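Going by the working numbering, the sequence shown opens with residue 402, and the numbers climb by one from there.
C-beta: ideal position from N, C-alpha, C; glycine also.
Every value quoted in this text rests on a predicted model; they were computed, and no experiment measured them.
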Amino acid sequence: MAQKIATDRKSFMMQIIPVMLCFFAMGFVDLVGTASNYVQKDLGLSDSQANLFPSLVFFWFLIFSVPTGMLMNRIGRKKTVLISLVITAVSLVVPITGSGYTVMLLAFSLLGIGNAVMQTSLNPLVSNLINGDKLASTLTFGQFVKAIASFLAPILAAWGATTCMPTFGLGWRAMFAIYAIVSLLSITALAATPIEEERPDRASGVKECLRLLGRPFILLCFLGIICHVGIDVGTNTTAPKIIMENLSLPLEEAGFATGIYFIFRTAGCFTGAFLLRSIPARIFFGISVAMMLAAMVMLFVCHSLVPVYVAIGLIGFGNSNIFSIVFAQALINSPNEKNEVSGLMIMGLFGGTIFPLAMGFAADAVGGQSGAVAVMLLGVLYLMYYTLKIKSAN
């Protein structure tokens, strides 16, 4: 019996490790905030023009998420994840060829398409390995792994901008080359890993998928995902600008604010992976949202470096587990339509398009980043409302 348990555990680890490597590759999408700031600097763009890049990345979630849910019904989740990794690898190779406006638009578009397909298919793939009460904590651990890639992006970009250029001629774009190599490793590892999948959900069309939004709780989850990713991408993009506006620091130094965000988001994911096994989701969610609300107030009233860093850290920690809880709640609420629900929830990442655009226009309108913070505050207020509804899914 003990030998069988050890064998089963070894088999599980051989499956979960390649899947977690895919979560690391999923985190590559968060480099868009760092990259857009460098592109803005290189090309002399306004806030609204620069925010078009992260908005473009997340626009594709609106287009590809639901069709990906349907694709999984036909070819399976693992094959769909492999397709997403190939697209992601190509998107990371494109910027190595140049840094012009058109090149970056193409790269960000492919990155968005690949990530939309990956996020739609990878989360349900985890449910083939983990189910029940442990699903939320496992998805949170996946978000922890994803956050490591997100955290490393500004560090790699700064290293490339200050060190790499004389050697490779890539500058801050060196991070694309490094992540492209990791993408290839992810493809190889997952392709070699046998995963027994559930029988595909019944064939469905776009109308059948979208009809699920007629279920009140699924709609609430969908809007919650929009707000979560809007705050995430908004902070990723705006944090350095807040530092530059208040303290007149150069981008290479102000970019550390993005690192602060991802340090605390990474720590939050790691902590949540364990705490969610013992603390009710509603209580944990409420504490997380309270942290973000306090942070938004601080960003309005504080203008020195340390309080701004504290506020950014609070947003990172508070926002770290929102996605996993909302996603798990949606899957638990509709267990017979996992692929379709996954497509809808990932379509909610379209919030990464809505929020940066709105934040860019708001910042330009008021002549400062307080306009951008006000837009994020609206997302936090909605999540406060969602907290009251979590119990209905249990």
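Check whether residue i and residue j have beta carbons under 7 Å apart
i	j	result
Ala451	Ser466	no
Phe424	Gly543	yes
Asn734	Phe618	yes
Pro525	Arg478	yes
Leu591	Leu745	no
Ala773	Thr639	yes
Leu463	Phe751	yes
Pro455	Val634	yes
Val491	Leu523	no
Ala695	Phe545	no
Leu652	Phe577	no
Gly719	Met693	yes
Ser449	Gly761	yes
Lys740	Asn529	Rather than Lys, the amino acid found at residue 740 in this sequence is Asn. Not a contact, by the Cβ cut-off of 7 Å.
Ala548	Phe459	no
Val630	Gly753	yes
Asn426	Trp461	The residue you asked about is not Asn; residue 426 is Ala in the sequence shown. No, the pair does not count as a contact, with Cβ atoms beyond the cut-off.
Phe429	Tyr580	yes
Gln416	Thr594	yes
Met697	Val781	yes
Ile627	Gly749	yes
Ile531	Arg683	no
Ile632	Met414	no
Ala550	Gly561	no
Val495	Leu507	yes
Leu620	Tyr787	no
Ile747	Thr521	yes
Residue i versus residue j - alpha carbon distance
i	j	result
Gln441	Lys642	11 Å
Cys670	Thr541	6 Å
Asn722	Phe552	16 Å
Thr498	Asn647	35 Å
Met566	Gly572	Only weak support is given to the placement of Met566: the predicted model assigns it a pLDDT of 49, under 50, and the value that follows is read from those uncertain coordinates. Near 4 Å, if we compare the C-alpha coordinates of Gly572 and Met566.
Arg616	Cys610	11 Å
Val707	Gly656	15 Å
Asp602	Ser705	Any answer about Asp602 is weak, because its pLDDT of 49 lies below 50 and its placement is not dependable; what the coordinates show is given next. The straight-line gap from Cα to Cα measures roughly 53 Å.
Ser485	Thr469	10 Å
Leu677	Gln730	13 Å
Ala658	Ser649	13 Å
Ser587	Ala559	25 Å
Gly769	Ile726	33 Å
Lys608	Tyr710	45 Å
Glu738	Leu457	29 Å
Ser500	Val487	21 Å
Leu758	Phe686	27 Å
Val767	Leu453	19 Å
Tyr439	Leu732	38 Å
Asp431	Met519	14 Å
Ile476	Leu585	21 Å
Ile596	Phe701	49 Å
Phe756	Ala775	11 Å
Pro394	Met471	The question about residue 394 has no answer, for the chain in this structure spans 402 to 795.
Leu446	Phe724	31 Å
Leu789	Pro681	13 Å
Own chain residues within Cβ distance below 6 Å of residue i, not counting five before or after
i	result
Gly714	Ile661 and Phe665
Met785	Val690
Leu779	none
Ala764	Asp448, Gln770, Gly772 and Ala773
Residues near residue i by beta carbon distance below 8 Å, same chain, minus five either side
i	result
Thr568	Because Thr568 sits at a pLDDT of 49, beneath the cut-off of 50, its placement in the model cannot be relied upon, and the point is left open.
Val527	Val420, Leu536, Thr539, Leu540 and Gly543
Ile418	Ala590
Tyr783	Leu624, Gly625 and Cys628
Val504	Val495, Pro496 and Thr498
Thr645	The residue you asked about is not Thr; residue 645 is Met in the sequence shown. Once the five neighbours on either side are set aside, the close Cβ partners of Met645 are Pro651, Leu652 and Ala655.
Glu598	Gly477, Arg478, Lys479, Leu526 and Asn529
Ala407	Legend: pLDDT at Ala407 = 43, less than 50; position of this residue unreliable, no value from coordinates given.
Beta-carbon proximity list for residue i, same chain, < 7 Å, skipping 5 on both sides
i	result
Met421	Gly543 and Val546
Tyr502	Leu444
Cys703	Val709 and Ala712
Ser679	none
Thr667	Phe545, Ala548, Ile549 and Phe552
Leu557	Ala575, Met576 and Ile579
Within the segment 422-461, ranges of the alpha helix (DSSP H) (whole runs, at least 4 residues): 432-444 and 448-451
Give, in chain order, every unbroken run of the alpha helix (DSSP H) that is at least 4 residues long and sits entirely within the segment 465-548.
478-494 and 502-527
Complete alpha helix (DSSP H) runs within the segment 638-704 (minimum length 4 residues, chain order):
652-655, 657-676 and 682-702
Please give the ranges of any beta strand (DSSP E) in the segment 603-634, keeping only runs that are unbroken, at least 3 residues long and fully inside the region.
none
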